[in-house]
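First to last, the sequence lines map onto chains A, B, C, D, E and F. Each residue of the first sequence is one higher than the one before, counting from 1 in the UniProt record's numbering. Each residue of the second sequence is one higher than the one before, counting from 1 in the UniProt record's numbering. Each residue of the third sequence is one higher than the one before, counting from 1 in the UniProt record's numbering. Each residue of the fourth sequence is one higher than the one before, counting from 1 in the UniProt record's numbering. Each residue of the fifth sequence is one higher than the one before, counting from 1 in the UniProt record's numbering. Each residue of the sixth sequence is one higher than the one before, counting from 1 in the UniProt record's numbering. Here a beta-carbon is modelled for each residue, glycine too, at the ideal position from N, C-alpha and C.
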Amino acid sequence: MRWIDDYRGASEVTALLAQISAKMAHLTQYNAQQPLRIMEVCGGHTHAIFRFGLDKLLPDNIEFIHGPGCPVCVLPMGRIDSCLDIAHRDDVIFLTFGDAMRVPGGHGSLLDARRKGADIRMIYSPLDAIKIAQDNLTKQVVFFALGFETTMPASAITFIRAKEMGLSNLFGFCQHITIIPTLNALLSDPNQKIDALLGPGHVAMIIGANAFTPLCQLYQRPLVVSGFEPVDMLHSILMLVQQIQDQRAVMENQYARVVRADGNPQAQAAIKTVFCLKAHSQWRGLGDIADSGMQFTPEFASFDAERYFQPIQYDSHEQPQACCAQVLTGRCKPQQCPLFARQCTPQHPTGALMVSSEGACAAYYQYNQECICQTM
Amino acid sequence: MRWIDDYRGASEVTALLAQISAKMAHLTQYNAQQPLRIMEVCGGHTHAIFRFGLDKLLPDNIEFIHGPGCPVCVLPMGRIDSCLDIAHRDDVIFLTFGDAMRVPGGHGSLLDARRKGADIRMIYSPLDAIKIAQDNLTKQVVFFALGFETTMPASAITFIRAKEMGLSNLFGFCQHITIIPTLNALLSDPNQKIDALLGPGHVAMIIGANAFTPLCQLYQRPLVVSGFEPVDMLHSILMLVQQIQDQRAVMENQYARVVRADGNPQAQAAIKTVFCLKAHSQWRGLGDIADSGMQFTPEFASFDAERYFQPIQYDSHEQPQACCAQVLTGRCKPQQCPLFARQCTPQHPTGALMVSSEGACAAYYQYNQECICQTM
Amino acid sequence: MCIGIPAQIIQWDKCQPHLANVAVGGAVREVDLSLIGALDEQGHSRVGQWVLVHVGFAMSILDEQEAQQTLAALQAMSEVESDVAAFLKVGGGAHALD
Amino acid sequence: MCIGIPAQIIQWDKCQPHLANVAVGGAVREVDLSLIGALDEQGHSRVGQWVLVHVGFAMSILDEQEAQQTLAALQAMSEVESDVAAFLKVGGGAHALD
Amino acid sequence: MSNDVITFAHGSGGRAMQQLIQDTLVRHFDNPFLRRGEDQARLPLTQLASQGSQLAMTTDSFVIDPIIFAGGDIGKLAVCGTANDLAVGGARPEYLTCSLILEEGLPLATLDTIIASMAATAQQAKIEIVTGDTKVVGHGCADKIFINTTGIGVISPEVHWGMDQIAADDAIIVTGNLGDHGAAILNERENLGLGDQLVSDCALLWPLVEPLLSIRGIHTLRDATRGGVNAILHEFATASGLGMQINEHALPVNDAVRGMCELLGLDPLNLANEGKLVIITSAQSAAAVLNALQAHPLGKDARQIGTVNSQSGVQICGAYGVTRHLDLPYFEPLPRIC
Amino acid sequence: MSNDVITFAHGSGGRAMQQLIQDTLVRHFDNPFLRRGEDQARLPLTQLASQGSQLAMTTDSFVIDPIIFAGGDIGKLAVCGTANDLAVGGARPEYLTCSLILEEGLPLATLDTIIASMAATAQQAKIEIVTGDTKVVGHGCADKIFINTTGIGVISPEVHWGMDQIAADDAIIVTGNLGDHGAAILNERENLGLGDQLVSDCALLWPLVEPLLSIRGIHTLRDATRGGVNAILHEFATASGLGMQINEHALPVNDAVRGMCELLGLDPLNLANEGKLVIITSAQSAAAVLNALQAHPLGKDARQIGTVNSQSGVQICGAYGVTRHLDLPYFEPLPRIC
Ligand code: SF4
Ligand code: SF4
Ligand SMILES: [Mg+2]
Ligand SMILES: [Mg+2]
Ligand SMILES: [Mg+2]
Ligand SMILES: [Mg+2]
Ligand SMILES: [Mg+2]
Ligand SMILES: [Mg+2]
Ligand SMILES: [Mg+2]
Ligand SMILES: [Mg+2]
Ligand SMILES: [Mg+2]
Ligand SMILES: [Mg+2]
């Protein structure tokens with residue numbers, strides 16, 4: 001398929017690996033014990049790294065730190081429990097992307113709730129929520145609006161349409177979160193071990209590549225906004241290595257075919273109409289981060305499921321032994337968590353990093369645990 | 001089983017038949033063309049006549065006219081449609097005796113509605129409704145309170161209990177009807193052909209045998225309150241024949257082991273607390289009859305499903321060719337209805353007399369239509 | 001209409017005085033006694049009594065004496081009438097009894 | 001997170017201007033164009049254009065020129081680098097390519 | 001919490017399903033056919049062919065509510081039902097398949113109970129359950145558990161039972177009380193609260209059938225399940241073109257079922273049985289058949305209830321000598337109350 | 001109005017059921033076994049035994065939603081699925097049973113379409129549907145219609161296929177594009193609106209299997225249904241104790257399925273097929289097998305996707321030469337989107 005296969009070519013991958021290896025061979029400050037640590041911010045990148053074996057192909061003085069950019073992995077248990085509270089009410093149809101179905105809250109997952117009789121349905125597009133609400137006027141239809149900036153505009157347009165149509169039985173449970181405050185929080189941690197960042201291409205598509213520039217300046221770390229195919233990612237890594245070699249620390253945009261410097265203005269406008277920043281938001285494993293989550297604007301407050309249903313607000317008691325926070329911040333590897341592959345498995349995840357195949361722990365479990373690490 | 005088998009003995013049946021035959025042989029004004037016409041008021045009697053073949057055993061100068069005492073058979077289509085309207089609402093659990101499940105309204109039966117998704121359940125006792133209401137506090141539980149005086153006290157006690165318990169999610173759709181105004185209407189019809197009446201034993205158990213005395217006096221017809229076993233019924237018929245022979249027309253009570261002259265005072269009190277007469281009620285096939293139906297008293301009006309749900313009130317358009325009215329009033333036999341066994345069958349009943357196996361038409365269809373009428 | 005069946009009260013618990021178990025043949029069912037009273041006129045439990053049951057309620061107490069009288073009368077009649085019956089059988093009406 | 005896939009606009013109906021059909025490989029799906037505009041800068045239909053699709057919306061128009069340049073540069077590099085690749089293969093790192 | 005009930009994972013073809021199959025089905029049914037784990041069981045055909053020249057094959061799906069009831073459970077029923085459909089053809093039940101449709105949320109412990117019950121019933125009858133299938137459907141897309149069993153066996157060479165053998169003057173025999181199963185199920189399903197004397201008669205009937213193989217003059221037999229004895233008599237009447245005449249007073253009904261039928265206006269002839277046969281035999285053989293039946297506990301209440309005549313349809317002769325046509329109800333009987 | 005949908009009456013054993021069986025099942029499946037109307041079909045055992053010494057028997061329940069989909073319907077699927085489970089054992093499918101669980105409210109016209117489709121599919125394969133069963137459950141107690149089919153056939157005497165034959169260095173072959181059925185169903189069930197190029201591959205595979213009977217060196221075959229090719233490879237690996245190594249770039253996937261998988265983050269290896277085989281054959285026979293397969297339209301895209309090795313589990317070699325273990329997902333895959 002065009003635009004995909006173009007960026008999976010073996011010869012380009014070979015060449016990029018060669019370039020990277022050659023450059024890394026000269027950066028002698030990095031070795032297998034003290035590797036160059038690149039955080040891929042986005043779960044999509046994490047998934048691609050394992051799917052294509054990029055970690056195995058790269059020289060061993062490069063190491064990936066799997067970042068917080070998987071909306072499912074950073075979802076606090078208490079938020080799922082609030083969703084369950086709403087979904088279990090009579091006359092509620094609860095809509096979610098497939099991604100969130102298995103995330104465990106303190107009282108089970110949405111999949112468990114459906115098993116107990118709640119009407120919970122998977123959708124592909126937020127627009128599907130409008131159709132379902134129209135078809136079920138005597139029910140309350142609640143859309144679990146989950147995701148980073150990439151997904152926000154789709155939610156926003158959906159509620160703008162609902163408002164135009166006067167649809168009063170559609171609600172949103174807003175769990176939209178924004179990545180830059182979280183990167184700020186991570187990078188300002190004195191214990192962090194991040195040398196460079198692979199920037200999230202699809203978030204940048206909305207907010208613009210330039211939105212990442214202040215981060216680079218403030219923390220003096222190189223960041224390359226990257227596409228999601230192997231060639232994209234190796235190309236971005238090469239650009240990062242080049243910056244390291246040049247001792248620069250700037251934002252560069254490898255994914256320019258998709259990402260503009262200023263992003264998508266229509267999408268930004270839609271977001272601004274429907275959502276505004278919340279003072280505080282919880283992130284699983286990361287705790288409270290100021291200005292990192294969204295809520296409905298006063299103009300759209302009538303769509304706010306939390307306002308309408310007043311669900312119980314649960315505390316998110318995480319398992320004390322779980323190392324999700326350390327894994328998310330690059331301070332330990334999944335297999336160093338005492339629960340990994342024992343108490344915490346994809347079938348019975350303790351932490352959210354084990355739920356989505358974009359979560360670092362699930363990816364390690366699926367692709368690495370039994371990996372024979374043999375190359376042809 | 002005691003009290004049942006005692007009244008099914010072949011020797012008693014033989015003796016009674018012999019007595020009746022002997023007496024009827026002397027009443028020469030009655031012959032096969034001009035028989036003595038006895039209306040069994042109650043559907044329970046109709047059922048027993050066919051089940052035990054009493055019509056075949058009796059001399060052919062006695063003929064049964066199947067009366068209006070089957071609550072299902074006189075249920076107007078419009079009332080079923082109002083039930084359907086309520087049952088289809090979200091959050092309603094609709095409870096009914098099995099008897100009413102298949103009765104066709106203009107928009108199908110309760111069984112059809114359940115097929116389309118309505119939560120409709122069969123119960124054996126009105127008290128079951130209390131349990132279901134307690135177990136489903138977020139739903140509205142509606143009990144279809146159907147039946148003659150026999151069933152009214154059970155409904156009444158149920159709502160008295162619900163009131164004591166403060167149960168606010170239980171309602172009654174009241175289709176309780178009372179038999180005496182209807183017998184009055186039938187007997188006052190100048191075209192009626194009723195010579196004597198088998199009185200409904202279980203209604204009399206509640207209202208008392210004496211309640212039928214005025215009818216006998218007013219219309220000069222013998223009436224014997226009868227039990228439901230073959231010996232009971234033949235005994236009652238013998239008593240009727242004796243009155244005819246003696247040219248008397250009084251109320252007699254064959255069923256004294258169950259029925260007191262003044263009925264059951266507790267039951268009457270319960271009815272009076274919860275229900276009162278309505279000015280007008282529709283009867284299928286018989287039209288409007290004054291003072292023949294019940295409604296909730298003002299004190300119990302909060303339980304009235306019609307008040308709470310304001311269901312659409314449907315007209316009861318009956319099939320113009322259907323002869324239900326004539327059959328109910330003894331002016332024609334089921335097989336003389338042009339729809340009988342053609343358009344109107346137990347699987348697809350046009351008229352209500354074809355629904356319940358206590359309905360005259362269903363009984364004819366089931367027991368008589370193909371009957372070989374052979375005796376051993 | 002109104003199926004009513006004779007049943008014998010077989011169990012009663014004074015903690016739930018308005019309820020009792022009755023037997024209908026081998027079937028046992030809990031019924032409500034409110035409409036006949038939990039206790040009899042002498043204030044005794046009704047266990048052993050026969051009642052008529054409809055939609056989960058005991059509606060009437062069966063009157064044994066009344067019943068005996070009727071049945072005795074009928075039996076007497078059936079003895080007297082055996083000749084008539086025999087006559088009917090031989091004479092061959094449209095019906096007969098085995 | 002945020003799966004976004006390139007797709008080509010293959011069908012558009014001016015009666016429903018905010019909707020179009022796109023092809024992703026052989027799969028066809030209706031997407032919403034609101035976030036990129038139903039028409040291009042010249043006021044023409046976007047049929048034939050490539051867009052990035054996420055949750056049923058076209059989120060960005062793929063820039064062909066930009067893409068050509070990058071790919072050309074990479075291809076050039078891969079030709080130049082064939083020696084390096086061969087070296088790596090022979091020299092035997094922890095990894096290799098077929 | 002979520003690991004002790006059936007989830008979609010148990011039906012997805014993935015690891016959870018393999019585990020369920022091994023831990024529950026293969027464990028309880030354990031036999032070499034199943035252990036091979038192929039897509040099909042491979043059965044000794046030559047050995048089967050040595051027993052006779054006709055292979056009997058039958059299938060039934062079981063959808064009962066409640067799934068565990070007085071006298072049995074859906075697992076026992078699923079084995080007995082199919083085994084009995086083979087037995088009534090004169091075939092000893094040999095091999096069964098077991099196909100499960102499970103509703104998301106079914107407790108694994110319940111499933112285990114049911115499968116253990118199937119295994120125990122099969123073992124008692126020396127039946128091997130040789131292949132199976134498991135599907136999981138969403139909450140509200142099935143009612144807890146449905147089981148299909150399909151069975152095969154070889155028809156004993158000396159028997160030629162079939163509805164085409166039915167002849168006028170044959171005796172109609174039932175092997176015991178009517179309606180026990182239907183009454184027990186109705187009582188539990190509709191919460192009628194009619195006590196614990198209503199118990200399903202669910203049983204394996206081969207032990208009752210086997211002694212009949214050698215009796216000459218038996219024309220056909222059938223287990224009287226759904227629709228009761230009435231439905232079977234109608235099938236016989238339709239297939240043979242003859243009349244089935246039964247005597248009401250001869251019908252065996254136990255006291256609890258009779259009580260229930262009086263209370264709810266039902267007829268035991270229309271209630272299901274799961275351990276009763278209707279047998280059509282020549283009048284001369286009736287006594288021998290009854291003797292053989294009554295010698296077995298499952299047949300102790302066996303009796304002749306009527307005779308085949310040259311008319312048509314099903315006729316019932318009441319207590320006072322009136323004979324009437326017995327209609328086959330169009331519907332499953334509903335309680336009549338008010 | 002109420003007479004054109006399934007009602008409880010159709011499952012009650014009464015007249016409505018008899019009518020449904022005659023008008024729908026017996027009419028479409030028409031054959032002498034079924035027409036006899038006994039509780040069990042009586043099949044010619046002697047004739048079966050003349051074809052071989054092993055009887056293959058298999059069962060499957062079909063619970064698909066939607067019941068009619070691009071490329072087939074639940075009826076066609078129910079015949080193909082069970083016939084294919086016989087075929088992969090080397091047995092020509094001979095006789096099938098058909099057991100229906102119907103939800104109250106199912107339109108009779110829909111049922112008729114499905115039964116007609118079963119009949120047509122069976123006829124095409126010269127399979128007789130010899131006995132059946134019909135149950136009706138209440139609204140919300142099943143999902144429209146579930147079908148169980150159980151099949152038997154005689155295993156061709158020259159074949160000894162089985163997982164116990166798998167050996168290191170064997171070739172792993174698939175007979176065509178992966179995931180067509182799973183993709184088509186997911187698209188329709190979840191209303192994904194991904195166009196009409198997603199079509200189930202539901203097909204009878206005996207015509208593809210028959211030419212393989214005479215090829216020596218074939219070790220085992222399996223239709224890759226639920227769980228996809230991945231699940232079958234795991235079964236092979238577990239049963240044989242050997243490793244299954246496949247090459248990602250060799251996997252045949254059609255363009256529409258690939259598009260869908262990219263959009264939803266799915267892997268075609270985990271998607272169900274209903275017309276594809278996975279074949280393990282000795283390396284020497286691989287070419288002959290591929291030739292035989294490619295000569296048939298159902299096998300035109302057949303190719304070798306990997307080899308058996310002496311390790312364990314399933315390994316996949318990616319485009320850049322990295323080999324990794326391929327996990328068998330614990331769950332049915334859910335779309336990943338946000
Ligand atoms: S293994 Fe589980 S608990 Fe441990 S870090 Fe990973 S997700 Fe968290
Ligand atoms: S046959 Fe039908 S329409 Fe005619 S009188 Fe009877 S119930 Fe009414
Ligand atoms: Mg069967
Ligand atoms: Mg059966
Ligand atoms: Mg049977
Ligand atoms: Mg299977
Ligand atoms: Mg359920
Ligand atoms: Mg199978
Ligand atoms: Mg299969
Ligand atoms: Mg298979
Ligand atoms: Mg059957
Ligand atoms: Mg449904």
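* **Nearest-angstrom Cβ-Cβ length linking Ala250/F and Arg303/F, presumed shorter than 8 angstroms** => Approximately 6 angstroms separates the beta-carbon atoms of Ala250/F and Arg303/F; this is inside 8 angstroms, confirming the contact.
* To do: Measuring only between beta-carbons, confirm whether Ala58/C sits less than 7 angstroms from chain B.
  => no
* Asked: Under the DSSP definition of a beta bridge, which residues are partnered with Leu36/B?
  -> Ile62/B
* At a CB-CB cut-off below 7 angstroms, which residues of chain F make contact with Gly359/B? -> The premise fails here: Gly359/B is roughly 18 angstroms from chain F at the closest Cβ pair, so nothing lies under 7 angstroms.
* With distances taken Cα to Cα, identify the nearest neighbour of Ser60/D among Gly25/D, Ala27/D, Ala72/D, Arg46/D. => Arg46/D
* To do: Please check if any C-beta of chain F sits within less than 7 angstroms of the C-beta of Arg102/B.
  => no
* Which of helix, strand or coil DSSP assigns to Met122/B -> Here Met122/B sits in strand by DSSP.
* To do: Specify, as a first and last residue, the run of the beta strand (DSSP E) that Leu277/B falls within.
  => 275-277
* Mind checking Asp201/E: buried by the 16 CB within 10 Å criterion, or exposed? -> buried
* So who's on the other strand from Leu35/D, going by DSSP bridges? -> Leu35/D is not bridged to any residue.
* Asked: Any idea which residues DSSP pairs Lys126/E with across the strands?
  -> Paired residue(s): none; Lys126/E is not in a bridge.
* Hey, quick one: how far does the alpha helix (DSSP H) through Phe33/E stretch, first residue to last? -> 32-35
* To do: Please report how far the alpha carbon of Ala185/B lies from the alpha carbon of Leu286/B, in whole angstroms.
  => 9 angstroms
* **Contact test: Thr150/E Cβ vs ligand 1 heavy atom, cutoff 6 angstroms** => no
* To do: Leaving out five residues on either side along the sequence, give the residues of the same chain with a beta carbon under 8 angstroms from the beta carbon of Glu370/A.
  => Legend: pLDDT at Glu370/A = 41, less than 50; position of this residue unreliable, value from coordinates given subsequently. Excluding positions up to five away in sequence, the list is empty.
* To do: For Arg114/A, return the contacting residues in chain E, with the cut-off set at a CB-CB distance below 8 angstroms.
  => By Cβ distance, chain E contributes Glu104, Gly138, His139.
* Alpha-carbon to alpha-carbon, Val142/B and Gln134/B -> 13 angstroms
* Asked: Between the beta-carbon of Leu100/F and the beta-carbon of Ile6/F, is there less than 7 angstroms?
  -> Cβ atoms of Leu100/F and Ile6/F: not closer than 7 angstroms.
* Nearest chain E C-beta to Pro346/B closer than 7 angstroms, yes or no? -> So, interface residue.
* To do: Please name the residues in the segment 79-95 of chain A whose beta-carbon is closer than 7 angstroms to at least one beta-carbon of chain B, in chain order.
  => Asp90, Asp91
* To do: Rank Gly48/D, Glu41/D, Gly26/D by C-alpha distance to the C-alpha of Ile10/D and give the top, closest one.
  => Gly48/D
* To do: Identify every residue that forms a DSSP beta bridge with Gly108/B.
  => Gly105/B
* To do: Have a look at Ile49/A and Asp55/A and give me their C-alpha separation to the nearest angstrom.
  => 6 angstroms
* Asked: In this structure, does DSSP put Cys2/C in helix, strand or coil?
  -> coil
* Own chain residues within Cβ distance below 7 angstroms of Gln343/A, not counting five before or after -> Excluding residues up to 5 positions away in sequence, Thr350 lie with their Cβ nearer than 7 angstroms to the Cβ of Gln343/A in the same chain.
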